[in-house]
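A.B. asks:
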Amino acid sequence: MKKIEAIIRKSKFSEVKKALHGIGVNFFAYWDVTGLGNEKMGHVYRGVSYSTSDIQRRYLSVVVNDDFEDITIQTILKSAKSGDVGDGKIFVSDIKECYRIRTGEKGGETLK
30 MKKIEAIIRK
40 SKFSEVKKAL
50 HGIGVNFFAY
60 WDVTGLGNEK
70 MGHVYRGVSY
80 STSDIQRRYL
90 SVVVNDDFED
100 ITIQTILKSA
110 KSGDVGDGKI
120 FVSDIKECYR
130 IRTGEKGGET
140 LK
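See below:
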């Protein structure tokens, strides 16, 4: 099993969510996060221009079986891309085990 974590633009979340549902990923967690990156956001307030390095993003956490890793990553890459600096990052890590709390089952079948 793999854990796929993605940090994406908040404006792309609906598109990513719809695309993930389209390939059969029906459960994932997400959070609103603030981070620092290469993107520089500028603001103008009362005619004075200033910049801030705090960037608002959405953090997704998806756990999938190994055979579903590539399609999930490609789906996120395609649906989250705007082509501009600041589109985000994807991180992949191994998951040792998974349990379904309701039944006590364990393994990859719990993700279905």
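This note's numbering puts the first residue of the sequence shown at 30, with every later residue one more than the last.
By construction, the Cβ of each residue, glycine as well, lies at the ideal position given by its N, Cα and C atoms.
Rounded to whole angstroms, what is the Cα-Cα separation between I37 and E44?
C.D. replies: Their backbone Cα atoms lie some 11 Å apart in a straight line.
A.B. asks: With a CB to CB cut of under 6 Å and the five nearest residues on each side skipped, what residues in its chain are close to Y59?
C.D. replies: Same-chain partners within the cutoff: R87, L89.
A.B. asks: Against chain C, does A109 count as a neighbour if the rule is that its beta carbon must be under 8 Å from one of theirs?
C.D. replies: The chain inventory of the structure shown lacks chain C, comprising one protein chain alone.
A.B. asks: Rounding to the nearest angstrom, what Cα-Cα distance links V114 and T63 in this structure?
C.D. replies: C-alpha separation (whole angstroms): 16 Å.
A.B. asks: Could you name the residues of the same chain whose beta carbon sits closer than 6 Å to that of F42, not counting the 5 residues immediately before and after it, in chain order?
C.D. replies: Hits under 6 Å: R87.
A.B. asks: For G51, report the span of its alpha helix (DSSP H) as first-last.
C.D. replies: Element bounds for G51: 42-52.
A.B. asks: Following the continuous beta strand (DSSP E) through L140, name the residue where it begins and the one where it ends.
C.D. replies: No beta strand (DSSP E) contains L140, which DSSP labels as neither H nor E.
A.B. asks: How far does the beta strand (DSSP E) with I177 in it reach, from first residue to last?
C.D. replies: There is no way to answer for residue 177, as the model of the chain reaches only from 30 to 141.
A.B. asks: Across which residues does DSSP place G117 in a beta bridge pair?
C.D. replies: I37, per the DSSP bridge assignment.
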